[in-house]
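Trainee: Here this note's numbering is used: the first residue of the sequence shown is 279, the next is one more, and so on.
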Amino acid sequence: MYHKHDVIIVGSGGAGLMAAMQLPHASVAVLSKVYPTRSHTGAAQGGVAAALGNQEEDHWKWHMYDTVKGGDYLVDQPAAEILTREAIDAVYELEHRGLPFNRTADGRIDQRRFGGHSRNFGEAPVRRSCYAADRTGHMILQTMYQNAIKNEVNFFNEFLALDLLINEDRVCGVVAIEIRTGEIHTFHAKAVLFATGGYGRAWRVTSNAFACMGDGMSIAYRRGIPLEDMEMYQFHPTGIYKVGVLLSEAARGEGGKLLNDKGEYFMERYMPTMKDLAPRDIVSRCIVQEIKEGRGIHGKDYVYLDVRHLGKKVIDEKLPDITDFARNYLGVEPITEPVPIHPTAHYAMGGIPTDIEGRVVTDAQWTPIPGFYAAGEVACVSVHGANRLGTNSLVDLIVFGRRAGKHMAKFIQENDHVPLPSQPEDFAREQISRLYTTTGGESASRIRSELQNEMIDKVFVERNEDGLHEALDSIDELQDAYKKVQLQDKGKRFNTELVEALELGFLLDCAEATIHGAMARKESRGAHFRLDYPKRDDANWLKHTLAYKGTKAHDVRLEYKDVILIDDPVFAPKERKY
Ligand SMILES: Cc1cc2nc3c(=O)[nH]c(=O)nc-3n(C[C@H](O)[C@H](O)[C@H](O)COP(=O)(O)OP(=O)(O)OC[C@H]3O[C@@H](n4cnc5c(N)ncnc54)[C@H](O)[C@@H]3O)c2cc1C
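1. Could you name the residues that DSSP lists as bridge partners for Gly834?
2. Sorted by chain position, which residues of the same chain lie with C-beta nearer than 6 Å to Gln333's C-beta, five sequence neighbours on each side aside?
3. Going by the beta-carbon positions, is the gap between Glu506 and Pro631 smaller than 9 Å?
4. Beta-carbon within less than 8 Å of Gly577's beta-carbon, same chain only, minus the 5 sequence neighbours each way: which residues are those?
5. At the level of alpha carbons, what is the spacing between Tyr760 and Glu655?
6. Within its chain, find whatever has a CB closer than 6 Å to the CB of Arg482; leave out the 5 residues flanking it on each side and keep chain order.
7. Looking at Thr632 and ligand 2, is the gap between the Cβ and the nearest heavy atom below 8 Å?
8. How is Met610 classed by DSSP in three states: helix, strand or coil?
9. Identify every run of the alpha helix (DSSP H) within the stretch 542-566, keeping only runs that are complete inside it and at least 4 residues long; order them along the chain.
10. Report the CB separation of Val431 from Leu443 in whole angstroms; it is logged as a contact under 8 Å.
11. Taking a contact to mean a Cβ-Cβ separation below 9 Å, would you say Asp579 touches Tyr543 in this structure?
12. Regarding Phe433 and ligand 1, is the C-beta to nearest heavy atom distance less than 8 Å?
13. Could you please give me the residues that DSSP links to Ser310 through a beta bridge?
14. Given 8 Å as the limit, tell me if Gln424 has its C-beta closer than that to any heavy atom belonging to ligand 1.
15. Give me whichever residues DSSP pairs with Tyr625 in a beta bridge.
16. Sorted by chain position, which residues of the same chain lie with C-beta nearer than 6 Å to Arg605's C-beta, five sequence neighbours on each side aside?
17. Closest by CA to Ala365, which one among Asp384, Gln355, Ala623 and Cys408?
18. Taking Thr474 as the reference, give the member of Ala327, Pro504, Arg413 and Ala439 with the closest Cα.
19. Any heavy atom of ligand 1 inside 8 Å of the beta-carbon of Gln730?
20. By the three-class DSSP mapping on this structure, what secondary structure does Glu740 have?
21. Is it the case that the CB of Pro314 approaches a heavy atom of ligand 1 more closely than 8 Å?
22. Give the range of the beta strand (DSSP E) segment to which Phe465 is assigned.
23. Which whole-angstrom value describes the C-beta separation of Val659 and Phe678, a residue pair presumed to lie in contact below a C-beta threshold of 8 Å?
24. Can you tell me which of the three DSSP states Pro356 falls into?
25. Tell me which residues share the same chain as Phe472 and place their Cβ nearer than 6 Å to its Cβ, disregarding the 5 neighbours each side in the sequence.
26. On the criterion of 16 or more Cβ atoms from any shown chain inside 10 Å, does Ser562 qualify as buried, or is it exposed?
27. In the DSSP assignment, what are the bridge partners of Gln389?
28. Could you compute how far the alpha carbon of Lys468 sits from the alpha carbon of Gly683?
29. Using the three-state DSSP reduction, which class does Asp857 fall into: helix, strand or coil?
30. Look up Arg448 in the DSSP assignment and say whether it is helix, strand or coil.
31. Mapping DSSP to helix, strand and coil, what is Thr414?
32. For the beta strand (DSSP E) that contains Gly649, what are its first and last residues?
33. What is the DSSP secondary structure of Thr632, reduced to helix, strand or coil?
34. Identify whether Pro618 lies in helix, strand or coil by the three-state DSSP scheme.
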């Protein structure tokens with residue numbers, strides 16, 4: 279079936295919907311493989327950062343400093359300036375659109391502390407996170423969805439995008455499968471935005487929803503667009519033991535602390551100033567260190583998150599959802615018992631490279647591919663560098679989702695549709711028909727769990743050359759095995775086995791690019807910690823990686839792109855001390 283619109287947005291999380299809201303006069307179609315309000319943005323708990331200064335003095339420049347330093351200086355600094363300056367107005371836009379934030383006594387948006395956010399260039403923690411209890415993302419998504427309905431955005435729910443269409447060097451559409459019927463649809467547009475989120479499902483223990491399979495990254499990568507800084511993957515310190523479900527940093531923002539088997543609040547020893555609110559990469563490494571040195575609880579691979587001293591009232595009012603997670607998943611009562619946690623795969627700092635207008639760029643010279651945009655977790659602007667600060671993702675979605683939306687509004691006025699390439703559906707149809715017809719006997723779920731085990735064992739908080747080599751060999755084998763995946767269910771309607779197999783293909787691509795980046799980057803920076811190269815190396819590695827999919831199987835080519843610094847000594851790379 280053929281559809282024609284001005285703009286196609288793939289993804290209805292915070293980034294996709296924020297962009298859609300900027301296009302009230304255009305014909306916009308939003309595709310989402312899940313029902314829109316099930317997007318992972320709805321799971322965001324802690325808050326959205328903006329230097330409103332409602333609780334105490336704050337400035338966007340302090341926020342920018344924290345973002346650049348938190349990102350271990352791999353951040354493109356002009357983009358971080360935009361993020362932190364425009365955060366303020368973007369949060370007010372959400373407020374005016376109806377988002378029910380928690381309030382101060384005098385009726386302004388309430389703010390709380392979060393990891394790595396400080397006042398006066400690192401002096402002490404600051405209250406910067408705007409929040410709606412511990413369900414900020416849920417409120418954002420509901421508010422935006424209601425606005426999109428009001429603007430008569432065309433939603434194509436439970437449509438899985440499979441391919442990006444390019445003709446005359448311009449992006450001109452996408453091909454998707456309608457999950458309900460199994461039918462293929464071609465969407466023709468002047469501009470396409472990918473807002474498809476992350477790929478946390480590549481790890482066995484993850485905070486991410488089942489839908490976070492790296493679709494958009496892989497679809498672009500298969501069409502020759504590089505993926506930037508994929509080795510920079512964040513592990514959140516406090517995932518529920520074994521399950522990975524997130525206990526937000528808001529728990530530590532409100533005063534929660536990490537405890538080892540000796541009864542010690544160990545972050546005080548590692549990070550005397552920021553303590554439990556040091557950036558996530560550092561806290562995750564400290565937990566791993568405690569476990570390695572035998573101070574995990576009962577000598578096992580977890581420690582405790584302790585919120586008992588906050589008291590029932592604070593816990594019930596400010597942390598209701600996450601404490602319920604502890605009760606439901608572990609049978610632990612956080613008001614009286616500490617909660618078992620360990621690091622969990624959480625957030626992709628890397629992704630599809632874009633400029634500050636959300637335009638996708640294809641090389642180190644920042645060459646855009648006209649008509650193609652990306653925003654949110656799928657994109658790499660890069661404002662998070664080597665490590666994202668808590669609450670800086672939601673703000674990334676709204677600031678750069680908005681910029682991309684506004685830029686597309688201009689682009690579609692100045693440009694017409696280009697014709698579709700001939701046989702636009704061929705590539706997508708091929709992928710599907712191979713899965714229906716193969717008799718290789720391989721199972722997608724076996725490949726997926728092996729991938730997830732390899733990633734958690736060898737491409738986790740700490741990495742080294744041997745482990746990465748082994749992981750890469752395994753992924754190469756799994757890519758070969760993937761070609762033999764055979765479906766049990768040959769039906770067309772709601773074939774979830776087909777959907778999962780297609781998604782597994784995306785996940786494998788993302789894992790491949792991650793490992794190649796991690797092997798190449800022979801230094802430790804932010805979330806990428808190499809036991810064999812434990813120091814940051816600015817002389818050789820103050821640069822982004824760009825991974826291109828090669829033409830032959832297992833072939834990945836890496837190029838490098840400069841990090842953009844601004845001429846201000848405050849932001850010059852220094853050792854990170856907290
Ligand atoms: C548990 C949890 C808590 C978090 N808490 C916070 C927080 O407090 N503060 C903060 O700043 N950040 C937080 N984050 C991070 C942040 O929520 C995410 O990075 C962000 O919400 C991603 O938004 P997005 O719009 O890019 O994508 P998502 O919200 O993940 O949405 C992706 C969309 O793309 C669609 N999609 C994907 N692939 C396809 C396809 N092939 N075809 C069609 N549609 C497709 C999906 O259906 C979905 O609509 C948290 C993340 C998690 C997992």
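The beta carbon of each residue, even a glycine, is placed where N, CA and C say it ideally should be.
Mentor: According to the structure data:
1. A small correction: the amino acid at residue 834 is Val; Gly does not occupy that position in the sequence shown. Paired residue(s): Lys827.
2. Excluding sequence positions up to five before and after Gln333, its CB lies within less than 6 Å of the CB of Gln389 and Arg405, all in the same chain and listed in chain order.
3. Cβ atoms of Glu506 and Pro631: closer than 9 Å.
4. Excluding five sequence positions before and after Gly577, the CB atoms of its chain that fall closer than 8 Å to its own CB belong to Asp539, given in chain order.
5. Their Cα atoms are separated by approximately 26 Å.
6. Residues of the same chain with a CB within less than 6 Å of the CB of Arg482, apart from the 5 flanking positions on each side, are Gln730, Asn731 and Ile734 in chain order.
7. Absence of ligand 2 is noted for the structure shown, with ligand 1 being the only ligands found.
8. The sequence given here has Val at residue 610, not Met. Reduced to three states, the DSSP call for Val610 is coil.
9. Under the rule that a run must span 4 or more residues, the alpha helix (DSSP H) segments found entirely inside the stretch 542-566 read 545-548.
10. Distance from Val431 to Leu443 at the Cβ level is roughly 21 Å; contact not present, criterion being Cβ atoms closer than 8 Å.
11. 9 Å or more divides the Cβ of Asp579 from the Cβ of Tyr543.
12. Result no, Cβ not under 8 Å from ligand 1.
13. In the DSSP output, where bridge partners are listed per residue, Ser310 has Asn435.
14. For Gln424, the distance from the CB to the nearest heavy atom of ligand 1 is not below 8 Å.
15. Among the bridge pairs identified by DSSP, Tyr625 is matched with Gln512.
16. Counting only Cβ-Cβ distances below 6 Å, and skipping sequence neighbours, we find nothing.
17. Cα-wise, what sits closest to Ala365 is Cys408.
18. Out of Ala327, Pro504, Arg413 and Ala439, Ala439 has the C-alpha closest to the C-alpha of Thr474.
19. For ligand 1, not one heavy atom lies less than 8 Å from the Cβ of Gln730.
20. Note: Glu740 maps to strand in three-state DSSP.
21. Within the cutoff, so yes.
22. Phe465: member of the beta strand (DSSP E) spanning Ile462 to His466, first to last residue.
23. With a Cβ gap of about 6 Å, Val659 and Phe678 count as contacting.
24. Three-state result, Pro356: helix.
25. Its chain contains Val288, Gly494, Ala652 and Val656 as the residues whose beta carbon lies nearer than 6 Å to that of Phe472, once the 5 sequence neighbours on both sides are disregarded; these appear in chain order.
26. If you draw a 10 Å sphere on the C-beta of Ser562, you find 16 or more other C-beta atoms in it, and that means buried.
27. Its beta-bridge partners are Cys408.
28. Cα-Cα distance, rounded: 13 Å.
29. Residue coverage of the chain in this structure runs from 279 to 856, which leaves residue 857 outside it and unanswerable.
30. Looking at Arg448 - three-state DSSP - the assignment turns out to be strand.
31. In the structure shown, Thr414 adopts helical secondary structure according to DSSP, grouped into three states.
32. Here the beta strand (DSSP E) through Gly649 covers Pro646 to Ala652.
33. Residue state, collapsed to three classes: strand.
34. Of the three classes helix, strand and coil, the one that applies to Pro618 here is strand, per DSSP.
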